[in-house]
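As structure tokens, the structure follows; a few thoughts come after it.
2 protein chains.
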Amino acid sequence: MLNEASGGWETRALRKVDPVKHEQKRGEIIGAALRCFTRDGFRGASTTDICAEAGISPGHLYHYFPSKLAIVETLIDMGLARTALRFEKILAATDVIEALLADIEETSLRFRPAQILNLDGLAEAARNPEFAKVIERHTATVRRMWSDFLRQAQSQGRVDPGLDPEATANILIALVDGSRAMPIRNPKLDIKQSVAHLRTMLERFLSPTAVQGTANKPRNQASRPLKLVRKR
Amino acid sequence: MLNEASGGWETRALRKVDPVKHEQKRGEIIGAALRCFTRDGFRGASTTDICAEAGISPGHLYHYFPSKLAIVETLIDMGLARTALRFEKILAATDVIEALLADIEETSLRFRPAQILNLDGLAEAARNPEFAKVIERHTATVRRMWSDFLRQAQSQGRVDPGLDPEATANILIALVDGSRAMPIRNPKLDIKQSVAHLRTMLERFLSPTAVQGTANKPRNQASRPLKLVRKR
DNA sequence: TAATTGTTAGATAGATCACTCTAGTAATCA
DNA sequence: TGATTACTAGAGTGATCTATCTAACAATTA
Numbered sequence: 047m048l049n050e051a052s053g054g055w056e057t058r059a060l061r062k063v064d065p066v067k068h069e070q071k072r073g074e075i076i077g078a079a080l081r082c083f084t085r086d087g088f089r090g091a092s093t094t095d096i097c098a099e100a101g102i103s104p105g106h107l108y109h110y111f112p113s114k115l116a117i118v119e120t121l122i123d124m125g126l127a128r129t130a131l132r133f134e135k136i137l138a139a140t141d142v143i144e145a146l147l148a149d150i151e152e153t154s155l156r157f158r159p160a161q162i163l164n165l166d167g168l169a170e171a172a173r174n175p176e177f178a179k180v181i182e183r184h185t186a187t188v189r190r191m192w193s194d195f196l197r198q199a200q201s202q203g204r205v206d207p208g209l210d211p212e213a214t215a216n217i218l219i220a221l222v223d224g225s226r227a228m229p230i231r232n233p234k235l236d237i238k239q240s241v242a243h244l245r246t247m248l249e250r251f252l253s254p255t256a257v258q259g260t261a262n263k264p265r266n267q268a269s270r271p272l273k274l275v276r277k278r
Numbered sequence: 047m048l049n050e051a052s053g054g055w056e057t058r059a060l061r062k063v064d065p066v067k068h069e070q071k072r073g074e075i076i077g078a079a080l081r082c083f084t085r086d087g088f089r090g091a092s093t094t095d096i097c098a099e100a101g102i103s104p105g106h107l108y109h110y111f112p113s114k115l116a117i118v119e120t121l122i123d124m125g126l127a128r129t130a131l132r133f134e135k136i137l138a139a140t141d142v143i144e145a146l147l148a149d150i151e152e153t154s155l156r157f158r159p160a161q162i163l164n165l166d167g168l169a170e171a172a173r174n175p176e177f178a179k180v181i182e183r184h185t186a187t188v189r190r191m192w193s194d195f196l197r198q199a200q201s202q203g204r205v206d207p208g209l210d211p212e213a214t215a216n217i218l219i220a221l222v223d224g225s226r227a228m229p230i231r232n233p234k235l236d237i238k239q240s241v242a243h244l245r246t247m248l249e250r251f252l253s254p255t256a257v258q259g260t261a262n263k264p265r266n267q268a269s270r271p272l273k274l275v276r277k278r
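Chains as they are written, first to last, in the numbering used here: chain A, 47 to 278; chain B, 47 to 278.
Here you go:
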């Protein structure tokens, strides 16, 4: 309504939105959405499901989020941020390999329902070019973190200098991805044993290889002698 | 219509279904469904999409398949059979490691759209207990193939006898899974370099370790000395 | 040829989806 | 207190999904 005295819009009784309560409510909805998406997938869970899980009406939902896609994107952003934080903590540890193994044991080898969304995210990225860019950027960040660490460890003689840091980082990332599938493929997985073997593999892979390939004891082995992968 | 003379159903002019043409038509529909599911996922692709892709009507589709789920299941069965065949061929090769790497290079590290369905399958298995059993059984078969090979290679001194065959098989399977995500996470992936590093990792991991851990040259290394994972 | 059945099309039913609209209620401030 | 606006509910809309139904056409055999 026009206020003729001021010549502009009447601005009395402006009610401000409480940002704390607003964010809290958004958080509740996000939590409900996470449970629904974990249970049924991004496409399988409907806005009706999310409303039921959050105990609200559709109108209420759309008061806080403009669309279902916006909810998904918020959730993805949170997930990627959490993952980046995880790797940051791993790389800040005293023994990085042990920290990585502890993380794999905790979040990948044990069946964590919310981890399913990573599989959904990868599948979605393979289809949606826009979303692929987000994943690629995120992966590039994590890869950079790993390769920086590897370079440093190489200069300290703790990692084989013959390994390319970027390529090695890719493999470590793939290892985390692959570990995520293990408890799905085998729910009776012996986690401790898996971690132990992963440790063996990583230590043998990454350790400086002054001796390897020039063993002073002849090997009873069919495959060709071990070769280092040389940096260009 | 009842035939009163014979006392049973009239059975004149019985037209037999041609099993060859029938199977061929089913194959065409399956092919169209594969393209649609690859493009949009099991939930994202509709029966209408499949009909359009196959150039048929809905009535026609449901003449050959009782439901959309039946199409999905057929496709999954074919995919699992193909995967089992792949591993069979790998394990029959002269140099198994090289055959595995060639397979990873060909079907996982290169971006193959149809491979996306493996991710969908894993995600689905994590949600649908019935489908999970299919995946678990299939994985168990592949794991058995690997562990049998590993045991044989151990007895021939070509693989470290300190490794548990089942646990090692799990890791190899996870490696294939993880490799599938690499080209999605990084489309500019240097495939040759990735294969080379995977080769290095596998050779160092699997090779008999008579020398490892008892290096005659002191190591400038922070982590604990290498330990073999002992079989119980 | 006539009867029978396989093959195919296409309209459409019934359910569900993401989302909107209207409206009632509660909180805030002049 | 009264005006204004945030918060919330719930019916409802158009689109779309899986699946069905009717019926035309084609192939096969008595």
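Quick reminder that beta carbons are idealized off the backbone N, C-alpha and C, glycines included.
Hey, does residue i have any beta-carbon neighbour from chain A nearer than 9 Å?
i	result
B:G125	no
B:D95	no
B:S240	yes
B:V222	yes
B:N266	With a pLDDT of 32 at B:N266, under the threshold of 50, the predicted position of this residue should be treated as unreliable, though the coordinate-derived value follows. Closer than 9 Å to some Cβ of chain A, the Cβ of B:N266 qualifies, so yes.
B:A227	yes
B:R128	no
Go through its chain and collect everything with a Cβ distance to residue i's Cβ below 6 Å, but skip five positions before and after it.
i	result
B:E170	F177
A:L248	I143
A:V188	F133
A:D64	none
B:I96	A78, A79 and C82
B:I136	A145, L146 and D149
A:A199	V205
According to DSSP, simplified to helix, strand and coil, what is residue i?
i	result
A:Q70	helix
A:K234	coil
A:V188	helix
B:S253	coil
B:G224	helix
B:Q202	coil
B:G87	helix
A:A100	helix
A:N174	coil
A:V118	helix
B:F157	coil
A:G208	coil
B:F133	helix
B:A145	helix
Which residues in the same chain have their Cβ closer than 7 Å to the Cβ of residue i, if we skip the five residues on either side of it in sequence?
i	result
A:I132	The sequence as given places Arg at residue 132 of chain A; Ile does not occur at that position. Once the five neighbours on either side are set aside, the close Cβ partners of A:R132 are D149.
B:T84	P159, A160, I162 and L163
A:E151	I237 and V241
B:R197	P211
B:T120	I76
A:R183	none
A:G203	P254
B:L291	The structure shown has nothing for residue 291 of chain B, since chain B only spans 47 to 278.
Between the alpha carbons of residue i and residue j, how many angstroms are there, rounded?
i	j	result
B:Q267	A:S253	A caution first: B:Q267 carries a pLDDT of 32, below 50, which makes its placement in the model unreliable, though a value can still be read off. Computed Cα separation, rounded: 8 Å.
A:K238	A:T153	13 Å
A:N216	B:M228	7 Å
B:A261	A:P211	Low confidence applies to B:A261: its pLDDT is 30, below 50, so where it sits in the model is not reliable enough to give any reading.
B:I102	B:H109	11 Å
B:R245	B:L147	7 Å
B:I219	A:P104	44 Å
A:R226	A:K234	14 Å
B:M124	A:V180	32 Å
B:S113	B:I76	13 Å
A:L155	B:D166	19 Å
A:R250	B:G224	19 Å
B:P271	A:D141	Here B:P271 scores only 32 on pLDDT, less than 50, and its place in the model should not be relied on; the value that follows carries that caveat. Going from the Cα of B:P271 to the Cα of A:D141 covers about 13 Å.
Spell out whether any CB of chain B is found under 9 Å from the CB atom of residue i.
i	result
A:S52	Reliability of the predicted coordinates at A:S52 is poor, the pLDDT of 36 falling under 50, and the value obtained from them is presented with this limitation in mind. Answer no: the Cβ-Cβ gap between A:S52 and chain B never drops below 9 Å.
A:T185	yes
A:L209	yes
A:L107	no
A:T255	yes
A:L196	no
Check the Cβ of residue i against every Cβ in chain A and list those closer than 8 Å, keeping chain order.
i	result
B:P233	A178 and E182
B:D86	R173
B:T214	H243
B:R89	G87, R89 and G90
Who are the neighbours of residue i on chain A, taking C-beta pairs under 7 Å?
i	result
B:L244	I217
B:D166	A169
If the cut is a Cβ gap below 8 Å, which residues of chain B does residue i touch?
i	result
A:F251	T246, M247, R250 and F251
A:I162	A169, A172 and R173
A:I237	Result: empty, since nearest Cβ-Cβ is about 10 Å, beyond 8 Å.
Starting from residue i, find everything on chain B with Cβ-Cβ shorter than 9 Å and list it in chain order.
i	result
A:D149	Those do not exist, as A:D149 stays about 15 Å from chain B at its closest Cβ, beyond 9 Å.
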